[in-house]
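Structure, as structure tokens:
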Amino acid sequence: MTDTGTGTPLLELQGIVKRFGGVLALDDVSLSLDRGQVLGLVGDNGAGKSTLIKVVAGAYQPDAGTLRMDGAGVRFPAPRSAKEAGIETVYQDLALVDTLDAAGNIFLGRELVRFGGGPVKVLNKRRMQESARELLGRLALELPSSGTEVGMLSGGQRQSVAISRALYTRPKLVILDEPTSALAVTEARKVLELPRTLAAQGVAVIIISHTLQDVLDVTDRIAVLRKGRKVADLRTAETTLEELVAHIVGGGRTRGAGYA
Amino acid sequence: MPEPSTLSARPRRDWGQIALAYGIYLVLLLFVAAMALLSPNFLRVTNLLNIVTQASTVAVIAVGTTMVILLAEIDLSVGSVAALAGAVTAGVLKAGGGADPVWLLLAVLAGLAIGTALGALNGALTVWGGIPSFIVTLGMLSVGRGLTLLYTGGRPIFGLGGGFSAMAYGRVGPVPVPIIILVVLYTLAALFLHTTQLGRYIYAAGTNRRAVALAGVNVDRLKVGVFALAGTLAGLGGVLLTARLDSAQPTAATGWELDVIAAVVLGGTSLYGGRGAVMKTLVGAIILQLISNGLNLLNVQAYWQQITKGGVILLALLLERSIRRVRGGDEM
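As they're listed, the protein sequences go chains A and B. Taking my numbering, I'd label the letters of the first sequence as residues 1253 to 1512. Taking my numbering, I'd label the letters of the second sequence as residues 70 to 401.
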């Protein structure tokens, strides 16, 4: 399920360094990810997880190191260039417009137009509804009825809309930043099925989460960051919660309860 | 509580929402009924047309203000901008001498242009100057009035020629020209807001500016454009007022920002942005006019009208807030 057999990883980071003033946020981090693979990125607050995904998403420029996609060197001077390369990020604050419906959000900024130009481009609302339904269908989800504002949806439904929005461009890599942090437990379960659905379609997924049990449940691999360094790169099937916690806090101590 | 297995539709239609959506029409009906009881002549067609005509200047300006408020901004300068535009139009007409249609067109365009320029300046100072629109347009309220007094020398401009006042008093068949302007303007504005991409961005940016910007939309330019359009429409209101008075008064349209905002808010457009409908602004403007006429009919002192208008704004806002709170809405 995890390998496509080409041998070349989809994404390869080599020796990434990022400084903020005197603080070394990322210290020589290397990481690779295959198509259809789900990678968990874990670590304590300030370990460098967010910085790392922002480098991948083009929001930060690394001070040293290289990025490769499909074996070729790439640079992402802006989020737009990462998007063009097929990398979509769903941030934890979601960036949805509460007064638009699901289709309106999925197509925000790239609305389908029936006719017109300049300041008068008439929207093709019906086709957007249809496409949105199809898109959510790929995630085995149903489209909330046309006209229902996403502000009225539950956290899990909103999360699904945000993810569908990221999927519209058929990205090669989707980054989910704390996808379940704002959700009720039952809803989190549903959202956590999405990475596997995506992986089965050949999309690579990076999940950042503080909920280690979730990471253990849905990932193929887990990378652990501590103080800007990658301290472990584990196959999920061969690791345990205790081992993960030990890597996160360092020094081999296990203190699982607080993290699970 | 069982969790739905799919993202199935669950529209929550409750009475609060229905009141928000249709309450304004009920209020209009109540006012019409009350006025009909007060005065037997009220329901005559000529009187009804008259009321809408009287409401038309404020209603024209309120189209632009509705869009500004949908963007979660405010424009307090519309009265002053209208006065300046009216004065400039009158000035150009005078300079042209007769009521030659070319000069007439030129004069009207000059008024609209000055309104557009001041509106664009409002937008630029808000967006690129980083000053809240409340402050920017408060400043412009003063600047615009000062410019009007300067331009007119503090004296009215009279003698504009019969062709010009036809904008206010002319009729196409039985329908007064201002009403035709209103119908065309509101239809275009409603189509623009509800069916076009930019219209959707106005609503969306008023709800979550950052999300729209992240989606690649140039929200700053959109805002400046909407402020400029609000200026154009304030200018048009000023031109229509000048035509109705057949003169440009240096103190014309003083305090109209309140009437305009009252019409918008009464029409249910949320001052927090992102919610509202321009057609209901028209209903709001007509209701305000009915209140004015009703109070006149009852021989209520003019001072009370100001108090009533301010009170209506506050009441409408309180109602909206309390309904949204009951509904568990998440605004602000």
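For each residue, glycine too, the CB sits at the ideal point set by N, CA and C. The structure presented is a predicted model; accordingly, all values stated were derived computationally and were not measured.
From what residue to what residue does the alpha helix (DSSP H) around A:Ile1358 run?
Ala1354 to Ile1358
Mapping the DSSP letters down to three states, classify B:Asp399 as helix, strand or coil.
Low local confidence applies: a pLDDT of 42 at B:Asp399 is under 50, so the model's placement there is unreliable, with the coordinate-based value given in what follows. Looking at B:Asp399 - three-state DSSP - the assignment turns out to be coil, as it is neither helix nor strand.
Does the Cβ-Cβ distance between B:Ala280 and A:Ala1354 come in under 8 Å?
no
How far does the beta strand (DSSP E) with A:Asp1485 in it extend, from its first residue to its last?
Arg1481 to Arg1487
Whole-angstrom distance between A:Gly1300 and A:Thr1488, CA atom to CA atom:
21 Å
Report the rounded CA-to-CA distance for A:Ala1384 versus B:Leu106, giving the unit in angstroms.
52 Å
Verify whether the separation of the beta carbon atoms of B:Leu298 and B:Gly188 is less than 8 Å.
yes
With H, G and I counted as helix, E and B as strand and the rest as coil, what does DSSP make of B:Phe111?
coil
As assigned by DSSP and simplified to three states, the class of B:Ser211:
helix
Residues of the segment 282–298 of chain B with a CB closer than 7 Å to any CB of chain A: list them in chain order, please.
Leu283, Ala284, Gly285 and Val286
Let me make sure I understand the geometry here. Which of B:Gly363, B:Ala103 and B:Ser234 has the alpha-carbon closest to that of B:Thr311?
B:Ser234
State the Cα-Cα distance for the pair B:Val157 and B:Val293, rounded to the nearest angstrom.
23 Å
Buried versus exposed, by CB contacts within 10 Å (16 or more), B:Trp84
exposed
Applying a beta-carbon distance threshold of less than 7 Å, which residues of chain A neighbour B:Thr276?
Val1349, Asp1350 and Thr1351
Got a sec: is the Cβ-Cβ distance from B:Leu89 to anything in chain A below 8 Å?
no
Look at B:Ile130 and B:Ala371 and say whether their C-beta atoms are less than 8 Å apart.
no
Should B:Trp373 be labelled buried (16 or more other beta-carbon atoms within 10 Å of its own) or exposed?
exposed
Compare the Cα-Cα distances from B:Ile356 to each of B:Asn277, B:Tyr94, B:Gln86 and B:Ala88 and report the closest residue.
B:Tyr94
Would the segment 1442–1454 of chain A count as touching the segment 1264–1273 of chain A if we require 3 or more Cβ pairs under 8 Å?
no
Thinking B:Ala181 and B:Leu305 are a contact (beta carbons under 8 Å), I'd like their distance in whole angstroms, please.
Sequence check: residue 181 of chain B is Leu here, not Ala. 6 Å between Cβ atoms; contact.
For B:Thr350, collect the residues of the same chain with a Cβ closer than 6 Å to its Cβ; drop the 5 residues on either side in sequence, then sort them by chain order.
Ala131, Thr135, Ala332, Val333 and Gly336
Between the CA atoms of A:Leu1319 and B:Glu72 - distance to the nearest angstrom
Model confidence at B:Glu72 stands at a pLDDT of 37, short of 50, so the residue's coordinates are unreliable and nothing is read from them.
Touch check for the segment 1474–1486 of chain A and the segment 1293–1313 of chain A: three-plus C-beta pairs under 8 Å?
yes
A:Gly1454: which of A:Val1467, A:Pro1423, A:Leu1428 and A:Val1443 sits nearest, CA to CA?
A:Pro1423
Using the C-alpha atoms, what's the distance from B:Ile392 back to B:Gln86?
8 Å
Out of A:Leu1405, A:Arg1390, A:His1462 and A:Ala1311, state which residue places its alpha-carbon closest to the alpha-carbon of A:Thr1432.
A:His1462
Select from B:Val205, B:Met104 and B:Ala274 the residue whose C-alpha is nearest the C-alpha of B:Gln358.
B:Met104
Where does A:Phe1367 sit, in a helix, a strand or coil, going by DSSP?
strand
In its own chain, which residues sit with a C-beta less than 6 Å from the C-beta of A:Leu1234, not counting the 5 before and 5 after it?
There is no way to answer for residue 1234 of chain A, as the model of chain A reaches only from 1253 to 1512.
Is the Cβ-Cβ distance between A:Pro1261 and A:Leu1285 less than 8 Å?
yes
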